[in-house]
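Numbering (this note's numbering), first residue to last: 90 to 287.
Here's what the structure looks like:
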């Protein structure tokens, strides 16, 4: 809740849910009221950078003023996981899958999209934009993922080698939607890693 005599700006903190009232027509609105919608533990370190990444995905991929209650629920879940100190990578992979599904770009980790058959644990697969995961063709270049890892990802296991495979597949799928412009949050993360390693 807004404190008496307090500035609405004091409530505007990153990743804190707000109940906002807007007035006006067109794109330029006036802030009519703002209250806190409950607090989150502040994000720090890699969790903060991950939160910025999630925000950047939403800003880049969603249309302005298009209500997305399903995506908002997924957003609240991933922020809660980051604030609670859960493993970051699995939380991000779940969110990315839910975001792609809500945008109409879902694909199955456990189906060969070209052949229409289940993924085989002993085979290798590549992600083809606009198609999905397909068995690697002989002599094909590019990144291929082990069927066993894809099956684990399909079961919701985004740890270890399955997590790395899911990250590669989802990065390709999201990259098709994001276009050529790089994600600033990814650049921040890489700079942080360089400072830590240097």
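Where is the CB? At the ideal position from N, CA and C, for every residue including glycine.
Alpha carbon to alpha carbon, how far is residue 189 from residue 64? Give it in angstroms, no decimals. Not covered by the structure: residue 64. The range shown for the chain is 90 to 287.
Which value, in whole angstroms, describes the spacing of the CA atoms of residue 127 and residue 229? 51 Å
Cutting at 7 Å between CB atoms, please list the residues of its own chain near residue 92, excluding the five before and the five after it. A caution first: residue 92 carries a pLDDT of 46, below 50, which makes its placement in the model unreliable, though a value can still be read off. Residues of the same chain with their beta carbon placed closer than 7 Å to that of residue 92 are lacking, with the five preceding and five following residues left out of the count.
Taking contact to mean at least 3 C-beta pairs separated by less than 8 Å, is the region 131-148 in contact with the region 174-184? yes
7 Å Cβ shell around residue 251 - same chain, five flanking residues per side excluded: 238, 241, 242
Can you give me the C-alpha to C-alpha distance between residue 147 and residue 207, rounded to a whole angstrom? 31 Å
For residue 196, which of 262, 282, 112, 286 has the nearest alpha-carbon? 262
CA nearest to the CA of residue 204, picked from 192, 225, 211: 225
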